[in-house]
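The structure appears below as structure tokens.
Numbering (the working numbering), first residue to last: -15 to 553.
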């Protein structure tokens, strides 16, 4: 085991970091059982270091029955034996830190697994005992409590309540809340024991050596007093996933007191630990409330992810995000894909909405969108496999495991497609995912041509583009948290977005995104030193020796151009 050594101390590293999300069951399988694991992740740390990321966020690897991909936790202080051991986690942290990579974990505070010892204790306890008070259990309505306590719906379809069955097998007049699957009962965050338990869980993992947490369903912990019915017709529909509507169960003001308590714990360490929230809220202003200096450090910006391939909307979201975050002193956090959404190569492709995505153009757009996103101020998250240009995988119905698929009767629940195990080497069994031939979700045949082994060293590949982008982002003084100005002469072109990042020494980087399907010709008052380009159809030209250079940029392409300090111009 490498001696533990934290990366070079920088208390503000998180403000401009690039963080890579690992969904461990699908990243790398070390033992050949078809399921990715922690030793497999350890074996690929050099790959992540070569990619150029600052940190890795690992989705849950706690003990879990896997009814919801590990987000149903039975023990927050133990490791799923299929994924490894606590010793493996120590090795992961030590080896990552030795490579200058910080480690973030997922924490799931809204609910536990129904197999958690607390819920199992509830099932054999007398009604209204202290064991019941840890969860949101309420008396049913109607005769003998045969109807749910209110009209809330589950994110995964159907009612958000399940009637409790007593130890003798008889139904009770009480129901428990589960905003997700029925195997994921919601905790009651007005209960002091729940609050103290999670304080202890935070300290446990911080003492192990992790650098922070991503908080699952960060906006959902507190419910409105009295658990009133929702009166919005939209809330009574079977929605596909969480959205931004403020409801009696999302984005309640009391959640901020919880995070103030968490932040005090994080700040008590010599090198403060950090939090990133998954908060789906109705406005940028509501999101900023989570980011006060005594609450969360960062939170995902889902409005940007949803902006799609729409220049005016992208600019609107960027401006609004930067302004609202600045009002509380927080950096923006950008993301295009994660384990809950359709991969952005597919989602951005023309024809996606009608079910016939043009994946070649989708890849071109995805590369350009990534290049543009990585040029924005603040931090950025990458999702495993996007650096390979992976599209969403189409799966046979019988292979799907998303609980929303099961609860909706096969009409919703398509998260499995972005969780298919990665291809590492196309000619090998399971495309190098593991030493055995199996993977827990089937991999598409065409992924053989997208493997790491195929792309490595090919300068035209998406993998090598990501490496160039992350290298330039790290080396250019204007990148990171510096200023952003829109390039005025491009403002009237709806198919073009142009921004300028500036450094204190006067140097900078001009970033141009052509969202159109035609070549764009841009007069160059811009930089002329090409740093990175997402596509091949780019040139800097001068028609004659006395003429100013101009830029030709191909369709659906993004470029980075270095500008010299004024004294060198």
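Glycine residues also receive a C-beta, built at the ideal position from the N, C-alpha and C atoms.
Here DSSP, grouped into helix, strand and coil, assigns residue 309 to helix. Boundaries for residue 68: no alpha helix (DSSP H) harbours it, and the DSSP string shows neither H nor E there. A direct Cα-Cα distance of roughly 10 angstroms separates residue 44 from residue 198. Membership of residue 469 in any alpha helix (DSSP H) is not indicated; the residue belongs instead to the beta strand (DSSP E) covering 467 to 470. Counting of Cβ neighbours within 10 angstroms places residue 260 among the buried residues, the total reaching 16 or more. Residue state for residue 439 is assigned as helix, using DSSP reduced to three classes. Here the alpha carbon of residue 391 sits roughly 21 angstroms from the alpha carbon of residue 130.
Residue 183: member of the alpha helix (DSSP H) spanning 176 to 192, first to last residue.
Secondary structure at residue 518: coil, using DSSP grouped into helix, strand and coil. Linking residue 79 to residue 26 through their CA atoms gives a straight-line distance of about 7 angstroms.
Rounded to whole angstroms, residue 414 and residue 380 show a C-alpha spacing of 17 angstroms. Fewer than three pairs of CB atoms, one per stretch, sit closer than 8 angstroms, so the stretch 304 to 318 makes no contact with the stretch 340 to 355. In the DSSP assignment, residue 245 falls within the alpha helix (DSSP H) that extends over 239 to 251.
Using a Cβ distance threshold of 8 angstroms, residue 4 and residue 368 count as a contacting pair.
Contact between residue 231 and residue 171 is absent: CB atoms are separated by about 18 angstroms, not below the 8 angstroms threshold.
A direct Cα-Cα distance of roughly 35 angstroms separates residue 11 from residue 467. Under DSSP, no beta-bridge partner is assigned to residue 112. In this structure the stretch 355 to 365 touches the stretch 308 to 320; the number of beta carbon pairs closer than 8 angstroms is three or more. One alpha carbon belongs to residue 540, the other to residue 350, and they sit about 9 angstroms apart.
Rounded to whole angstroms, residue 250 and residue 91 show a C-alpha spacing of 14 angstroms.
Rounded to whole angstroms, residue 31 and residue 163 show a C-alpha spacing of 38 angstroms. Between residue 13 and residue 417, the C-beta gap is smaller than 8 angstroms, which places the two residues in contact. Under the three-state reduction of DSSP output, residue 143 falls in the strand class. A distance below 6 angstroms between beta-carbons, with the five flanking residues on each side excluded, links residue 328 to the following residues of its chain, in chain order: 320, 321 and 350.
Cβ neighbours of residue 243 within its own chain (closer than 6 angstroms, five residues either side excluded): 279 and 280. By the Cβ rule, the stretch 149 to 163 counts as touching the stretch 106 to 117, because three or more pairs are nearer than 8 angstroms. A check of alpha carbon separations from residue 478 across 88, 56, 111 and 299 identifies 299 as the nearest. Contact between residue 239 and residue 206 holds, with the beta-carbon distance rounding to 4 angstroms and staying under 8 angstroms. Taking the CA atoms as reference points, residue 535 sits about 16 angstroms from residue 501. If only complete runs of 3 or more residues are kept, the stretch 399 to 453 shows no beta strand (DSSP E) anywhere. Residue 338 sits exposed, since fewer than 16 C-beta atoms from the chains shown fall within 10 Å of its C-beta. Rounded to the nearest whole angstrom, the CA to CA distance from residue 374 to residue 81 is 28 angstroms. Per DSSP, reduced to three states, the secondary structure at residue 455 is helical. Under the three-state reduction of DSSP output, residue 158 falls in the strand class. Here the alpha carbon of residue 267 sits roughly 30 angstroms from the alpha carbon of residue 166. In this structure, residue 7 and residue 451 do not form a Cβ contact; the two beta carbons are roughly 21 angstroms apart against a cut-off of 8 angstroms.
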